[in-house]
Amino acid sequence: MQQSQTDWKKIDSMEDKDINLSDLPEVSPEQFAKAVVRKGLKPVQGKTQVTLRLDTEVLNWFKAQGQGYQTNINALLKAYKDANQNQSLTKKSS
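At the far end of the sequence shown sits residue 390, using the numbering used here, and the numbering has no gaps.
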């Protein structure tokens with residue numbers, strides 16, 4: 297396991313006024329209301345095991361991100377589903 301390079305003692309000793317937020321955009325109340333915590337929570341619904349064919353370069357990219365790549369793929373697909381919930385997906389004819 298890789299050792300963290302974060303100086304946690306320095307972080308813990310910081311006060312809110314010490315944090316530079318100049319490069320962070322303001323978050324509107326509407327954006328904040330739509331915020332969802334995705335990491336660390338147990339799934340509300342169970343998961344189903346499937347076989348899924350992915351492009352090799354896509355799979356390799358996710359694997360290169362490290363442990364939990366399958367969870368990251370699931371989170372990305374869920375975010376896409378949530379963002380497009382009200383749009384109907386139609387099967388394209390070939």
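C-beta: ideal position from N, C-alpha, C; glycine also.
Mind checking whether residue i and residue j have CB atoms under 8 angstroms apart?
i	j	result
Lys374	Tyr365	no
Arg334	Ala371	yes
List the endpoints of the continuous alpha helix (DSSP H) containing residue i.
i	result
Pro325	325-329
Gln366	365-379
Thr352	352-360
Ser309	304-309
Rounding to the nearest angstrom, what Cα-Cα distance links residue i and residue j in this structure?
i	j	result
Lys377	Asn368	14 angstroms
Asp312	Ser300	23 angstroms
Thr302	Ser324	30 angstroms
Ile315	Leu350	41 angstroms
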